[in-house]
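Q: Below is the structure I would like to discuss, written out as structure tokens.
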Amino acid sequence: MRQIFILVILFLLMAANGLVFTGEKKVEAKQVTLLFWTHEDPNRTPLEEGYIKEFQKKYPNVTIKRVTYPSRKIQEKILTAFAVRKGPDIFNMEINDEYQYIVNARVAPIDPEAAGYQNKQAIYDDYLAGTLDATTYKGDLYGLPLELTNWCLFLNKKYFREAGLDPEKDYPKTWEEMLEVAEKITIREGEIIKRRAFDFRYPYYLISWLPMVQQLGGSFLSEDGKRCAINSEAGMRVLRYMAEWGPNGRNFGSPTYRNARKTFNKDDGSVAMCLSGLYQIARIEAQNPAFYESKQWSVVSFPRFADAVSDNGCNYYGHFYLVNAEKPDYERKTAWSLIAYMLKDPEEYMAKVGLIQPKKSLLVSEVYKNYPYADVFIEDMAKSSPVMLHKNAPKLQELIKEAVESVMLAGMDSKEALERLERKTNEILGE
Amino acid sequence: MRHIFFTHSIGKYKAIWGWIFVIPALLYFALFSFYPIVNAFYTSTLQQDILSLEPPKFIGLKHYIYLFHSEDFWKSAEATAVFTLGCFIPLVTVSLILAILIHSRGRRFQNFLQMAYFSPAVLSTVVAAVVWLMVFDPRGLANQWLNFVANTPGVNHKWLALSGMARLSTIIVYFWKYVGYFTIIYFAGLANIPGVYYEAAKIDGASSWAQFWHISFPLLKPTTILVSIMAMIQCMRTFSTQYLFTQSGVPTGPINVITLNIYNTAIRDHYIGRASAMSIVLFSIILIFSWFQLKVSKTEKVSYV
């Protein structure tokens, strides 16, 4: 009798806590508000807002606030929010900015069950080999990729023809050819460039400048990552190339001209080639449908040096979804559930936004096979390396920027610039 | 006795009301100025990564010693000094000249000119920087104007690329934005000078220059002190223009003023302790210069009699 009484009391207590029969319902009924911060991408917004609406309909107790920031501002927003322990539940940035959040345990390892997987291995099996390495840290997996991006060369065929070049044959395959093609396409009025043939994406040195050094057999850091290795023949040649490209050299471009990638879409005669990812195609279609329809544009591989010892293209990087480790367990589970929901259809992301979500299912899909120039990007990515991940990556990139600008704009000798870069990098690594 | 008591009560009464009026301002200052200063000093003695959850390590004055030996910090100090000198002197002198010009016009023109000169000051710094970046673009108006004036068609003056030109560009933007603001302050100072002095001077046959030199300029001394201290502090604290310029591809080195260095050290490099030490150093420099300016001007008092 006493045992029955205890059981009844226990049952009543458990029922009161919602652990019997209504356990899951109780959890589902709990009101959750998730704050989701991401970078601006007009093509992605309607797609994600649609997914969020569907998710909220499926789980009426969940409210999601999606907030967007410019892609060069979001790093600061997220950092300051995390510094005062008010970070969003879900966020994504470039992996080299996210890496510090993983190292400092500010983000939570993925919950496979909440994300709809049986276990962690099932997640790795769902994605192309190696594509989750960037968010694997000390045996735990911390993020799922919204996109994996590499850059190839976009051409405006019209401007090639105007310069007497055949865009199908005469596009630059090597960096040496790039100089020759630039000489023919560039239009100047005195020293002032009216049409650039091509220009680099200057702030992104770890993504698009270091691969040039790697092509010539060089690297930025030593193998153990403890010393700077840029002061080499390869580093010297690439810096000299930049000096030759700049306003004090053959005057083909400069960091102070307007961003070539953005200008390219306008087809306004100001730039003939730029570096960008597959997403650029959807942006051309959205921003300048007439240019998109004209088919006067094409995409070719990232150039190599004629005597390259490594056939790598541009370094690829990813935007990974991460979840704030300081949020309650239930919110984290809901966050992973939402992320998995938004990533359920990589074909839709490719078709509508031009983003590559590196799931195995995408590469065998019709969407991938029919998407213009997807093969160019994937083939180049297969030959390339992921962007360098380092706790001080933003500072190291700034030092490279300083070196490149000093030879391009201030006329500093490449040897001196390399020595300064090496010394300053070693100082950072020493700290 | 009664008289003393009465006086004491009135004094006490006034003091209480005085405190009541002053306390909100004191609280505001304590919360938003004094506390951040004390906190920044405390943070400057810690070794701390802004993202790390690990407890910070107390390192005393090591950040200050580091800054003293840091090439980057001295270059920032140089960039700040160049910017402040390049901007502060023209700001004070030109705003005075403009105020006198406005003051000498009729009332209708005065209102229009005040509004015209002041309008850039109300414009967002971001908008101002974007507009000027377009002006300084190689294909922009700056090259076109200069080439037209100097008859040097096709020359790219590299407004944003060369070290000296990048510095000059930021000075121009800042000068353009704030000259109207200080002009209005000077104008208010001029308007406070009683007209009888000028009338008397005219009767005595004083020229315009003599009127300015012997009446306006001395009586504007408190305004000049105010303007020079405000302009100097603002120039030393400049940030947005340099930040937006470097975000748009302008080389960081020549315009890496201390505030920009503080921002990058804290936000990009995550060294919040070192950034705090820099801000304390900048605060001390501003404090010393302000004190020095007040000291050399000896007195703020001015008499019209």
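Those protein sequences? They're chains A and B, same order as listed.
Residues in the first sequence are numbered consecutively from 1, following this note's numbering.
Residues in the second sequence are numbered consecutively from 432, following this note's numbering.
Ideal Cβ placement from N, Cα and C applies to all residues, glycine included.
Since we're looking at a predicted model, the values are computed, not measured.
Excluding the five sequence neighbours on either side, which residues of its own chain have a C-beta within less than 8 Å of the C-beta of A/Val-407, listed in chain order?
A: Leu-239, Arg-240, Met-242, Ala-243, Gly-246, Asp-413, Ser-414, Ala-417
Q: Apply the 10 Å Cβ neighbour rule to A/Thr-22 and answer buried if 16 or more other Cβ atoms are within range, or exposed otherwise.
A: Any reading at A/Thr-22 needs caution, since the residue's pLDDT is 36, under 50, leaving its predicted position unreliable; the model's value is listed next. Looking at its Cβ environment, which holds fewer than 16 other Cβ atoms inside 10 Å, A/Thr-22 is exposed.
Q: So what's A/Val-107 in DSSP terms, helix, strand or just coil?
A: strand
Q: How about A/Lys-26: is its C-beta nearer than 9 Å to some C-beta of chain B?
A: For A/Lys-26, the pLDDT reaches just 40, beneath the cut-off of 50, and the residue's location in the model is therefore unreliable, leaving the point undetermined.
Q: Taking 8 Å as the threshold, find out whether the stretch 358-369 of chain A comes into contact with the stretch 122-133 of chain A through three or more Cβ pairs.
A: yes
Q: For the stretch 255-274 of chain A, enumerate the residues whose C-beta is nearer than 9 Å to any C-beta of chain B, in chain order.
A: Pro-255, Thr-256, Tyr-257, Arg-258, Asn-259, Ser-270
Q: Determine the chain A residues that contact B/Val-586 at a beta-carbon separation under 9 Å, and present them in chain order.
A: Gly-190, Glu-191, Ile-192
Q: Under a three-way DSSP split, which group does A/Arg-196 fall into?
A: Shown here, A/Arg-196 sits in a strand according to DSSP, grouped into three states.
Q: Would you please verify whether the beta carbon of A/Pro-247 is less than 9 Å from any beta carbon of chain B?
A: yes
Q: From what residue to what residue does the alpha helix (DSSP H) around A/Met-412 run?
A: No alpha helix (DSSP H) holds A/Met-412; DSSP gives it neither H nor E.
Q: Along chain A, which residues have their Cβ under 7 Å away from the Cβ of B/Arg-705?
A: Per Cβ cutoff of 7 Å: no residues; B/Arg-705 is ~10 Å from chain A at best.
Q: Which residues mark the beginning and the end of the alpha helix (DSSP H) in which A/Glu-180 is found?
A: 175-185
Q: How far does the alpha helix (DSSP H) with A/Gly-448 in it reach, from first residue to last?
A: The requested residue 448 of chain A is not part of the displayed model; chain A covers only 1 to 431.
Q: Taking a Cβ distance cut-off of 7 Å, strictly less, list which residues of the stretch 312-326 of chain A are near chain B, in chain order.
A: none
Q: Which residues in chain B sit within 8 Å of A/Arg-106, going by Cβ to Cβ distance?
A: Leu-482, Leu-484
Q: Give the range of the alpha helix (DSSP H) segment to which B/Phe-613 is assigned.
A: 594-622
Q: Buried or exposed for A/Ile-90, please, with buried defined as at least 16 other CB atoms from any protein chain shown within 10 angstroms of its CB.
A: buried
Q: Contact criterion: CB-CB distance below 9 Å. Does B/Gly-680 meet it with respect to chain A?
A: yes
Q: What's the gap between the Cα of A/Gln-75 and the Cα of B/Leu-591?
A: 25 Å
Q: With a threshold of 16 other CB atoms inside 10 Å of the CB of B/Ile-447, please say whether the residue is buried or exposed.
A: exposed
Q: Please check if any C-beta of chain A sits within less than 9 Å of the C-beta of B/His-701.
A: The C-beta of B/His-701 comes closer than 9 Å to at least one C-beta of chain A.
Q: In whole angstroms, what separates the C-alpha of A/Arg-188 from that of A/Lys-194?
A: 5 Å
Q: Please state whether DSSP places A/Phe-305 in a helix, a strand or coil.
A: Looking at A/Phe-305 - three-state DSSP - the assignment turns out to be coil, as it is neither helix nor strand.
Q: My output table needs one value for A/Glu-24: the three-state DSSP class, helix, strand or coil.
A: Model confidence at A/Glu-24 stands at a pLDDT of 35, short of 50, so the residue's coordinates are unreliable; what they give is reported in the following sentence. A/Glu-24: helix per DSSP, three-state reduction.
Q: Quick one: what's A/Glu-189 bridged to in DSSP?
A: A/Ile-192
Q: List, in chain order, every chain A residue whose beta-carbon is nearer than 8 Å to that of B/Asn-574.
A: Neighbours of B/Asn-574 on chain A, chain order: Ile-192.
Q: Output the boundary residues of the beta strand (DSSP E) element that contains A/Arg-44.
A: Boundaries around A/Arg-44 are those of the alpha helix (DSSP H), 44-58, since no beta strand (DSSP E) includes it.
Q: Leaving aside the five residues before and after A/Thr-263 along the sequence, list all residues of the same chain whose C-beta is less than 6 Å from its C-beta, in chain order.
A: Ser-270, Val-271
Q: Give the DSSP-derived three-state secondary structure of A/Phe-252 in the structure shown.
A: coil
Q: How would you list, in chain order, the residues of chain A whose beta-carbon sits under 9 Å from the beta-carbon of B/Ser-594?
A: Leu-409, Ala-410
Q: Give the single residue among B/Tyr-473, B/Pro-625, B/Ile-664, B/Leu-718 whose Cα lies nearest to the Cα of B/Ile-646.
A: B/Pro-625
Q: Measure the C-alpha to C-alpha separation of B/Val-604 and A/Arg-283 and round it to an integer number of angstroms.
A: Here the alpha carbons of A/Arg-283 and B/Val-604 stand approximately 33 Å from one another.
Q: On the premise that A/Leu-144 lies in contact with A/Tyr-321, defined as a C-beta separation below 8 Å, what is that separation, rounded to the nearest angstrom?
A: 5 Å
Q: Determine which residues share a DSSP beta bridge with B/Gln-478 and list them.
A: B/Lys-488
Q: Round the Cβ separation of A/Gly-217 and A/Ser-310 to the nearest angstrom and send it over; I've been treating them as touching at under 8 Å.
A: 7 Å
Q: Any Cβ of chain A within less than 9 Å of the Cβ of B/Lys-488?
A: B/Lys-488 does not count as touching chain A.
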